[in-house]
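Heads up: the sequence shown begins at 1 in UniProt numbering, then just goes up one per residue.
Let me begin by presenting the structure, written as structure tokens, before commenting on it.
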Amino acid sequence: MLLKELLGISEDIYFVEESYLAQRTIERTLDYLNGVRRFAETGKVRLLRVHEGEHTLGLLLFNSADEEVPVDFWSIFTGALAKARSKKDFEILVDPLLTFNPPEREVEVSSEIWRDAVNEYYSLMLVNRNLCLGCAVKPESYGSVFSENRVRRVEEIFDILQKKGIFPEGRLLEVCCGNGMSTLALHRLGLNPLAVEINKCTVCQGLEQGVLNPRRTVVMDATALSRYFEPGSFDGVMGFMLGLVYEFNKDLWVNIMRETVSVASEGALMLFTVSSRPEAEILAGALLRAGVKGEIVDNTDSEGTYDQWFFVGRKQKA
């Protein structure tokens, strides 16, 4: 686990927040830190500090084994993924705590690596069934779930784009990644997107098969991207075989398209594939209205199954 490697510890570790999304508001973190601060002012506690420059990314509190929990473990508090106000509240609580109890060790890492480590923690918690108690879904074989034809189809799209002089670079986001069949194609092309998907079971499936990168995968609703990522966070946003996109549910997909644009940087590549032209037109209309200039591309083949149409464009200057 990346967290243990970064921190040089062997004991178990647990984040105070129960999910990645809760790291945006850190309500439990702030509540617990208030209690820890009062305790720390009267007695010595073992702490580790993770920081980037002067900013504290994470604080680890050691917990000795007892009757309730028969193993030593570290509780992890972080405000690195939180909104600006919550992040400030986190540092306000942490600073005096560190004054009363200087950490026994400090570790400096970049915020990007720390975010990857947090992502990995929650991915491993999911695939180990720690986030879905009572889960009865059994792992399936790779061959019964993943299709090489599907992977090649995505790779062929990038062949078309490269002929147009287009290839994604920089910070990449893949929305609605499912179990990662399209993500697998991106990995083979040397790309390492942050992949998001709302369905825990499909994410778990991709993690189990080693298709999704646990450090770059998040269970998240694509209609809420702007709640968790700042404007301009990504240089490219992609989604493959989105849908089904119909008139009756187009508001959902229009909202998702607006959200992808809101977290994209100026000039960011926007690429989305669907199975039919009407679906592509709905997505294209939403993207054009949100400030993306691009085109619908006919990518039909004899099989008529995957990625038959796609929209490709770039976010324009506001």
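Even glycine gets a Cβ: it sits at the ideal position worked out from N, Cα and C.
Given the structure is predicted, the values throughout are model-derived calculations rather than measurements.
Determine the direct distance from the alpha carbon of residue j to that of residue i, and round the result to whole angstroms.
{"i": "Ala136", "j": "Ala290", "result": "42 Å"}
{"i": "Ala22", "j": "Asn130", "result": "16 Å"}
{"i": "Pro193", "j": "Asp72", "result": "35 Å"}
{"i": "Ala82", "j": "Thr25", "result": "6 Å"}
{"i": "Arg215", "j": "Ala117", "result": "6 Å"}
{"i": "Asn119", "j": "Glu104", "result": "26 Å"}
{"i": "Ser123", "j": "Glu295", "result": "36 Å"}
{"i": "Val109", "j": "Phe248", "result": "47 Å"}
{"i": "Asn199", "j": "Asp221", "result": "9 Å"}
{"i": "Leu161", "j": "Trp74", "result": "47 Å"}
{"i": "Glu112", "j": "Leu59", "result": "17 Å"}
{"i": "Lys293", "j": "Ser141", "result": "41 Å"}
{"i": "Ala284", "j": "Asp235", "result": "19 Å"}
{"i": "Thr155", "j": "Glu68", "result": "Looking at the sequence provided, one finds Glu at residue 155 rather than Thr. If you take the alpha carbons of Glu155 and Glu68, they lie about 52 Å apart."}
{"i": "Tyr306", "j": "Glu148", "result": "12 Å"}
{"i": "Phe77", "j": "Leu186", "result": "33 Å"}
{"i": "Arg37", "j": "Lys163", "result": "59 Å"}
{"i": "Gly210", "j": "Thr99", "result": "43 Å"}
{"i": "Asp298", "j": "Arg277", "result": "8 Å"}
Which residue marks the beginning of the alpha helix (DSSP H) containing residue i, and which one marks its end?
{"i": "Lys163", "result": "148–163"}
{"i": "Val127", "result": "111–127"}
{"i": "Glu5", "result": "2–7"}
{"i": "Val145", "result": "142–145"}
Looking at the secondary structure, which residues open and close the beta strand (DSSP E) in which residue i lies?
{"i": "Leu81", "result": "Element bounds for Leu81: n/a, residue is neither H nor E."}
{"i": "Asp235", "result": "234–239"}
{"i": "Ala268", "result": "264–274"}
Is residue i near the ligand FMN, with its Cβ less than 6 Å from a heavy atom?
{"i": "Asn199", "result": "The model depicted lacks the ligand FMN and carries no ligand whatsoever."}
Do residue i and residue j have their C-beta atoms within less than 7 Å of each other?
{"i": "Leu173", "j": "Val237", "result": "yes"}
{"i": "Val263", "j": "Ser233", "result": "yes"}
{"i": "Ala84", "j": "Leu57", "result": "no"}
{"i": "Val50", "j": "Tyr32", "result": "no"}
{"i": "Phe242", "j": "Cys176", "result": "Looking at the sequence provided, one finds Leu at residue 242 rather than Phe. Cβ atoms of Leu242 and Cys176: closer than 7 Å."}
{"i": "Ala255", "j": "Thr223", "result": "The residue you asked about is not Ala; residue 255 is Asn in the sequence shown. In this structure, Thr223 lies closer than 7 Å to Asn255 by Cβ."}
{"i": "Phe158", "j": "Leu189", "result": "yes"}
{"i": "Leu212", "j": "Ala195", "result": "yes"}
{"i": "Asn101", "j": "Leu30", "result": "no"}
{"i": "Gly304", "j": "Phe272", "result": "no"}
Identify every residue that forms a DSSP beta bridge with residue i.
{"i": "Gly294", "result": "Gly313"}
{"i": "Ile282", "result": "In DSSP, Ile282 forms no bridge with anything."}
{"i": "Phe62", "result": "Trp74"}
{"i": "Ile13", "result": "Trp74"}
{"i": "Arg277", "result": "DSSP lists no partner for Arg277."}
{"i": "Glu52", "result": "His55"}
{"i": "Arg105", "result": "Leu48"}
Would you list, in sequence order, the uninterrupted alpha helix (DSSP H) runs of no fewer than 4 residues that lie entirely inside the region 162–226?
181–188, 200–208
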